[in-house]
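Asker: I am attaching a structure below and will ask some questions about it afterwards.
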Amino acid sequence: MIKSDSHVHTAFSTDSSTPMEEMLKKAIETGFSSICFTDHMDYGFPSQSGITEFLLDTSAYFSEMERLEHLYPQIHIRRGIELGLKEDVIKQCSNLTSKYKFDFIIASTHLVDNTDPYLDIYWQKTDETSAILKYYEATLKNAKSGADFDVYGHIDYITRYTPYMKKLRMENLHDDAYSLKNTEQFLDIIEEIFKILIYNGKGIEINTGGFKYGTNHPNPHEKILKLYHGLGGEIITVGSDAHETKYLGYSFNKVPEILKSCGFKYYTEFTGRKPAMFPV
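Per my numbering, residue 1431 is the first one in the sequence shown, and the count goes up by one each step.
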């Protein structure tokens, strides 16, 4: 059993309204030995509402975790963050991670040409294949940027939000052939990304949010997980990407068998920016 969730969001993230304490209570109820909060910090995120979005109040964030540590000593609270990377914010991200003592840092690509692939407008700019390729090209640049992080999050994030995938989700349907196509045709550039991450001692995550979004696969797809392991990648964390308590540890029961089938014997948890390996 996976005993910790390493990718969790709370009301400190713009896209969540869940109090941190409620998420913590759910983790205790689930039987987790630890939890890592990884709320969003996306410098320069283009607002859809005119209000600043995805800027984490880091001081208040750390203060709340300290308060909860005293109230709930039975669970280990790990201090994490999810950084949205793009070329013009790398220095800001590095300044942040040097100022605060995080246990764990996820880097993610949430913007391509300053547009979130979550939005329909992103897909109206070009054809689907080109739109997905641009995401991986942006991720490759981020991997090369020298940014300070421990793992790269949901490497194939973009596959959740293609127009066809959104349509399938609305109809509660799956299309494994489509998911496989959108994996296999980009394996070359994903391999480039992985070689850079592995060379620099960075890992990836298995993000079970893919199951929540109706892909019938984790993020990344099993074929990508096998590629990472085959290239020598060993650091892999497990996260639900939960923004509500009902998704904490979502589909974690599927993770051990998936990891084993992809060649992994261990998964990873970070404390003090140092990886600890646990048997699958």
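Glycine included, each C-beta is placed from N, C-alpha and C at the ideal position.
My assumption, with CB atoms under 8 Å, is that T1613 sits in contact with I1654. Please give the rounded CB distance.
Answerer: Reading the sequence shown from its first residue, position 183 is the one you call residue 1613. Reading the sequence shown from its first residue, position 224 is the one you call residue 1654. The Cβ separation is near 6 Å, so the contact holds.
Asker: Kindly indicate which three-state DSSP category Y1591 falls into: helix, strand or coil?
Answerer: Start at 1 with the first residue of the sequence shown, and residue 1591 comes out as number 161. Y1591 falls in the coil class under three-state DSSP.
Asker: Can you round the beta-carbon distance between S1681 and T1638 to whole angstroms, since I take them to be within the 8 Å contact cut?
Answerer: Indexing the sequence shown from 1 puts residue 1681 at position 251. Indexing the sequence shown from 1 puts residue 1638 at position 208. Right, the Cβ-Cβ distance comes to about 4 Å (below 8 Å), so this counts as a contact.
Asker: Distance check for L1563 and T1468, CA to CA, integer angstroms please.
Answerer: Indexing the sequence shown from 1 puts residue 1468 at position 38. Indexing the sequence shown from 1 puts residue 1563 at position 133. Going by the C-alpha atoms only, they are around 27 Å apart.
Asker: Going by the DSSP bridge assignment, what does D1435 pair with across the sheet?
Answerer: The residue given as residue 1435 occupies position 5 in the sequence shown. Note: D1435 sits in a beta bridge opposite I1465.
Asker: Following the continuous beta strand (DSSP E) through N1637, name the residue where it begins and the one where it ends.
Answerer: As a position in the sequence shown, residue 1637 is number 207, starting the count at 1. N1637 -> beta strand (DSSP E) spans 1633-1637.
Asker: Between M1471, F1492, S1489, E1674, which lies nearest to T1482 when the distance is taken from Cα to Cα?
Answerer: Reading the sequence shown from its first residue, position 52 is the one you call residue 1482. Among M1471, F1492, S1489, E1674, the Cα nearest to that of T1482 belongs to M1471.
Asker: Nearest by alpha-carbon distance to R1590: which of M1600, E1494, E1512 is it?
Answerer: Against the sequence shown, residue 1590 aligns to sequence position 160. Ranking the options by Cα distance to R1590, first place goes to M1600.
Asker: Pull up the distance between the alpha-carbon of D1550 and that of A1561, whole angstroms please.
Answerer: As a position in the sequence shown, residue 1550 is number 120, starting the count at 1. As a position in the sequence shown, residue 1561 is number 131, starting the count at 1. Between D1550 and A1561, the alpha-carbon positions lie close to 12 Å from each other.
Asker: Give me, in chain order, the residues of the same chain whose beta-carbon lies closer than 6 Å to that of H1643; leave out the 5 immediate sequence neighbours on both sides.
Answerer: Indexing the sequence shown from 1 puts residue 1643 at position 213. Note on identity: in this sequence residue 1643 is Tyr, with His being the wrong assignment. Same-chain partners within the cutoff: R1590.
Asker: State whether the stretch 1481-1500 contacts the stretch 1665-1672, with contact taken as three or more CB pairs (one from each stretch) at a distance under 8 Å.
Answerer: no
Asker: Run the CB neighbour count on I1505, radius 10 Å, all protein chains shown included, and call it buried at 16 or more, exposed below.
Answerer: Against the sequence shown, residue 1505 aligns to sequence position 75. When all chains shown are included, I1505 counts as buried.
Asker: Go through its chain and collect everything with a Cβ distance to G1633's Cβ below 8 Å, but skip five positions before and after it.
Answerer: For the purposes of this step, residue 1633 is taken as residue 203 along the sequence shown, with counting starting at 1. Result list for G1633: D1580, V1581, Y1582, L1627, G1663, E1664, I1665, I1666, T1667, T1698, P1705, in chain order.
Asker: Looking only at C-alpha atoms, which of P1503, C1466, D1445, I1432 sits nearest to Y1548?
Answerer: Residue 1548 sits at position 118 when you count from the first residue of the sequence shown. Minimum Cα distance to Y1548 is reached at D1445.
Asker: Take the Cβ of T1559 as the centre, count every other Cβ of all protein chains shown within 10 Å, and call the residue buried at 16 or more, exposed below.
Answerer: Residue numbering aside, residue 1559 sits at position 129 when the sequence shown is read from its first letter. So T1559 ends up on the exposed side.
Asker: If you reduce the DSSP assignment to three classes, tell me which class R1703 lands in.
Answerer: Counted from its first residue, the sequence shown places residue 1703 at position 273. Reduced to three states, the DSSP call for R1703 is coil.
Asker: Since L1498 is in the alpha helix (DSSP H), which residue starts that stretch and which ends it?
Answerer: Within the sequence shown, the letter at position 68 stands for residue 1498. Segment 1488-1501, the alpha helix (DSSP H) holding L1498.
Asker: How would you label I1458, buried or exposed, when you count the other beta carbons within 10 angstroms and need 16 or more for buried?
Answerer: As a first step, residue 1458 must be located in the sequence shown, where it is residue number 28. The residue in question, I1458, is exposed, as its Cβ has fewer than 16 Cβ neighbours within 10 Å.
Asker: Got a sec? Which residues, its chain only, sit under 6 Å from S1447 by beta carbon, not counting five neighbours each side?
Answerer: Taking the sequence shown and counting its residues from 1, one reaches residue 1447 at position 17. Excluding residues up to 5 positions away in sequence, A1441 lie with their Cβ nearer than 6 Å to the Cβ of S1447 in the same chain.
Asker: Can you check whether the CB of L1515 is closer than 8 Å to the CB of S1538?
Answerer: Position 108 of the sequence shown, counted from the start, is the residue given in the question as residue 1538. Position 85 of the sequence shown, counted from the start, is the residue given in the question as residue 1515. Yes.
Asker: Taking I1588 as the reference, which of Y1629, K1574, V1542 has the closest Cα?
Answerer: Position 158 of the sequence shown, counted from the start, is the residue given in the question as residue 1588. When each option's Cα is compared against that of I1588, the closest is V1542.
Asker: Leaving aside the five residues before and after E1452 along the sequence, list all residues of the same chain whose C-beta is less than 7 Å from its C-beta, in chain order.
Answerer: As a first step, residue 1452 is located in the sequence shown; it is residue number 22 there, counting from the start. Answer for E1452: T1675, listed in chain order.
Asker: So, is K1456 buried or exposed, given that buried needs 16 or more other C-beta atoms within 10 angstroms?
Answerer: Stepping through the sequence shown from its first residue, residue 1456 is reached at position 26. K1456 is buried by the Cβ-count criterion.
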